Amino acid sequence: MLFSAHNVGGGYGAIHIVKDVSFDLDTGETLAVLGRNGMGKTTLLRTLVGLADRFAGEVRVDERPQPPRNPRAFARLGITYVPDDRGVFARLTVAENIRLARLSAYAKSELDVYQLFPALEELADQPAGTLSGGQQQQLAIARALATGPRLLIVDELSQGLQPSIVQDLTQALLTATHESGLALILVDQNPELAMRICQRVIVMQRGEVVAAGTTTELGAGANFLDLLVV
Ligand SMILES: Nc1ncnc2c1ncn2[C@@H]1O[C@H](COP(=O)(O)OP(=O)(O)OP(=O)(O)O)[C@@H](O)[C@H]1O
Ligand SMILES: [Mg+2]
Numbered sequence: 009m010l011f012s013a014h015n016v017g018g019g020y021g022a023i024h025i026v027k028d029v030s031f032d033l034d035t036g037e038t039l040a041v042l043g044r045n046g047m048g049k050t051t052l053l054r055t056l057v058g059l060a061d062r063f064a065g066e067v068r069v070d071e072r073p074q075p076p077r078n079p080r081a082f083a084r085l086g087i088t089y090v091p092d093d094r095g096v097f098a099r100l101t102v103a104e105n106i107r108l109a110r111l112s113a114y115a116k117s118e119l120d121v122y123q124l125f126p127a128l129e130e131l132a133d134q135p136a137g138t139l140s141g142g143q144q145q146q147l148a149i150a151r152a153l154a155t156g157p158r159l160l161i162v163d164e165l166s167q168g169l170q171p172s173i174v175q176d177l178t179q180a181l182l183t184a185t186h187e188s189g190l191a192l193i194l195v196d197q198n199p200e201l202a203m204r205i206c207q208r209v210i211v212m213q214r215g216e217v218v219a220a221g222t223t224t225e226l227g228a229g230a231n232f233l234d235l236l237v238v
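Numbering-wise (my numbering), the sequence shown opens with residue 9 and increments by one.
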């Protein structure tokens with residue numbers, strides 16, 4: 009198994025937010041994490057990759073338990089996290105951002121990120137800070153893919169972006185997961201989009217998983233949308 013969470017609890021210091029989350033993810037598998045605002049999706053991702061405090065449970069990579077609060081360990085194992093604020097280097101150009109990602113790569117990526125996002129090639133010499141939100145998100149995903157990850161974890165792929173950009177991002181993730189065996193954990197406010205990209209879903213409510221299954225199973229369930237609509 010590439011990545012697994014076993015009864016994970018996490019939060020910030022004494023504030024416990026996420027409780028008892030378990031799932032497995034193998035090479036090429038894709039998981040959407042859905043839930044309304046403030047239900048703990050970001051905290052779960054941050055706990056999984058060692059950026060928030062894990063107070064219970066275990067996270068394993070290649071069946072090996074990982075220490076909490078050690079994000080570098082995950083990067084070294086080929087697990088790349090794209091935060092909801094995208095985390096590009098604003099003062100560096102697009103090309104420099106991508107080159108840096110390649111320098112710290114887990115593996116040489118088979119994917120040509122400029123082919124996935126042709127718009128970035130035209131913007132190569134521009135500082136990332138001058139890009140639009142959509143272009144920055146393309147760059148954030150391009151950077152992440154340039155690290156040659158085995159597992160990509162993306163918080164809020166489509167929020168606030170125009171449909172044509174969302175379409176490009178979706179296509180890039182579908183290509184990466186289908187053609188290079190990339191595993192993916194995706195948080196998005198748009199359940200239709202997340203379920204178009206992912207095979208499986210967990211739904212969070214107040215820090216706990218309240219529904220889990222394949223996209224087809226859950227999408228057909230009568231109560232599914234009630235868990236997601238405000
Ligand atoms: N650094 C922090 N310290 C303490 N509490 C926090 C911190 N960050 C988030 N929280 C709280 O944790 C809970 C879950 O927040 P989280 O950001 O994980 O939810 P989310 O599902 O990602 O929400 P959104 O859809 O708005 O992104 C919220 O009640 C939030 O106020
Ligand atoms: Mg969030």
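Don't be surprised by glycine CBs; every beta carbon is placed ideally from N, CA and C. Because the structure is a prediction, the values reported are computed rather than measured.
Alpha-carbon spacing of Leu201 relative to Ile106, whole angstroms: Taking the sequence shown and counting its residues from 1, one reaches residue 201 at position 193. Taking the sequence shown and counting its residues from 1, one reaches residue 106 at position 98. Cα to Cα, Leu201 sits roughly 26 Å from Ile106.
query: For Thr223, is the beta carbon positioned less than 7 Å from some heavy atom of ligand 2?
result: The residue given as residue 223 occupies position 215 in the sequence shown. Every heavy atom of ligand 2 is 7 Å or more from the Cβ of Thr223, so no.
Span of the alpha helix (DSSP H) around Lys49: Sequence index remark: in the sequence shown, residue 49 carries index 41 (1-based). Per DSSP, the continuous alpha helix (DSSP H) segment holding Lys49 begins and ends at Lys49 to Leu56.
Candidates Thr222, Ala230 and Leu153: closest to Phe125 by CA position: If you number the sequence shown from 1, residue 125 lands on position 117. Comparing Cα positions, the closest option is Leu153.
field: Straight-line gap, Thr223 to Met212 (C-alpha atoms, nearest Å)
entry: By one-based count along the sequence shown, residue 223 stands at place 215. By one-based count along the sequence shown, residue 212 stands at place 204. Taking the CA atoms as reference points, Thr223 sits about 15 Å from Met212.
- request: Pull up the CB-CB distance for Ile87 and Leu159, whole angstroms please, since I reckon it's below 8 Å.
  value: Along the sequence shown, read from residue 1 onward, the residue named residue 87 stands at position 79. Along the sequence shown, read from residue 1 onward, the residue named residue 159 stands at position 151. For a cut-off of 8 Å, the C-beta gap from Ile87 to Leu159 is around 5 Å, short enough to register as a contact.
- prompt: How is Pro79 classed by DSSP in three states: helix, strand or coil?
  reply: As a working note, residue 79 is residue 71 in the sequence shown. DSSP, read as helix, strand or coil, puts Pro79 in helix.
query: Given Arg77, which residues of its chain have a CB within under 6 Å of its CB, disregarding the five upstream and five downstream residues?
result: Reading the sequence shown from its first residue, position 69 is the one you call residue 77. By the criterion of a C-beta distance shorter than 6 Å, Arg77 is surrounded in its chain by Gly58, once the five residues flanking it on both sides are discounted.
task: Put Arg62 into one of helix, strand or coil per three-state DSSP.
output: The residue you call residue 62 lines up with position 54 of the sequence shown. Strand, per DSSP.
- request: With Asp176 as the anchor, note down where its beta strand (DSSP E) starts and where it stops.
  value: Taking the first residue of the sequence shown as 1, we reach residue 176 at position 168. Looking at the DSSP string, Asp176 is not in any beta strand (DSSP E); the run it does join, the alpha helix (DSSP H), is Pro171 to Ser188.
query: For Arg68, which three-state DSSP category applies?
result: The count along the sequence shown starts at 1 and reaches residue 68 at position 60. The answer is strand: DSSP assigns Arg68 an E or B state.
- prompt: Opposite Thr101 in the DSSP bridges: which residues?
  reply: As a position in the sequence shown, residue 101 is number 93, starting the count at 1. As a beta-bridge residue in DSSP terms, Thr101 pairs with Pro135.
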